[in-house]
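Below: the structure, in structure tokens.
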Amino acid sequence: MALARVDEIIERLPDAEQSRVGEAGTALSGGERQRVSIARALIKPAPVLLIDEATSALDTENETAITEAIGNDPRLRTRVMIAHRLSAIRNADHVLFIDDGRIVEQGSITELSALGGRFAEFWRQQESTTGWRIAAATN
1 MALARVDEII ERLPDAEQSR VGEAGTALSG GERQRVSIAR ALIKPAPVLL IDEATSALDT
61 ENETAITEAI GNDPRLRTRV MIAHRLSAIR NADHVLFIDD GRIVEQGSIT ELSALGGRFA
121 EFWRQQESTT GWRIAAATN
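Printed below as a string of structure tokens:
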């Protein structure tokens, strides 16, 4: 139950893992539903795990839980992650950078960053947004 920190969700439910959460988990938040889905996928003994935009619409807490769960997957398998958020692929062994349906660059994050191409620019843009603030700092 610790997968994707689903145990934290279960602890808050009145009847723990026996709690009814509604049709398609409607009593859970979107992030909680996503965490449960990822945990269920990680439990399955599939040789390939395909994850499509698992963190695209999540808050920081749920994104962290899912990213950690995928990174700590105890099964030896191929994991294919489709992501626009670079935080989701920070630990990737190999990256395919796709533009307009075509692979335009591929390699490790280190290799692609050193190339200075499309991936490196995308990485720089995303890294620069991590420091954004709603209001400018005042002196």
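Using full-length UniProt numbering, the first residue of the sequence shown is number 1, and each one after it goes up by one.
Using N, Cα and C, we set each Cβ at its ideal position, and we do this for glycine too.
All figures in this text were calculated on a predicted structure; none of them were measured in a lab.
If we count the other Cβ atoms within 10 Å of its Cβ and call it buried at 16 or more, is THR55 buried or exposed?
Position 55 of the sequence shown, counting from 1, holds the residue named residue 55. Label assigned to THR55: buried.
Rounded C-beta distance between LEU86 and GLN126? I'm assuming under 8 Å.
As a first step, residue 86 must be located in the sequence shown, where it is residue number 86. As a first step, residue 126 must be located in the sequence shown, where it is residue number 126. The pair is a contact, with the Cβ atoms about 5 Å apart (cut-off 8 Å).
Between LEU42 and LEU3, how many whole angstroms is the CB-CB distance? I'm expecting something under 8 Å.
Within the sequence shown, residue 42 is the residue found at index 42, counting from 1. Within the sequence shown, residue 3 is the residue found at index 3, counting from 1. Right, their Cβ atoms sit about 5 Å apart.
In terms of residues, what are the limits of the alpha helix (DSSP H) holding VAL36?
Indexing the sequence shown from 1 puts residue 36 at position 36. Residues 30 to 43.
Quick check: what's the CA-CA separation for GLU17 versus ALA65?
Taking the first residue of the sequence shown as position 1, residue 17 is located at position 17. Taking the first residue of the sequence shown as position 1, residue 65 is located at position 65. Approximately 18 Å, taken between the alpha carbons.
What is the rounded straight-line gap between the Cα of ALA27 and the Cα of ILE38?
Here the question's residue 27 lines up with position 27 in the sequence shown. Here the question's residue 38 lines up with position 38 in the sequence shown. For ALA27 and ILE38, the distance between alpha carbons rounds to 17 Å.
Going by DSSP in three states, ARG25 sits in which element: helix, strand or coil?
Along the sequence shown, read from residue 1 onward, the residue named residue 25 stands at position 25. Inspection of the sequence shows that residue 25 is occupied by Gly rather than by Arg. Three-state DSSP puts GLY25 in a helix.
How is ARG102 classed by DSSP in three states: helix, strand or coil?
As a working mapping, residue 102 is identified with position 102 in the sequence shown. ARG102 falls in the strand class under three-state DSSP.
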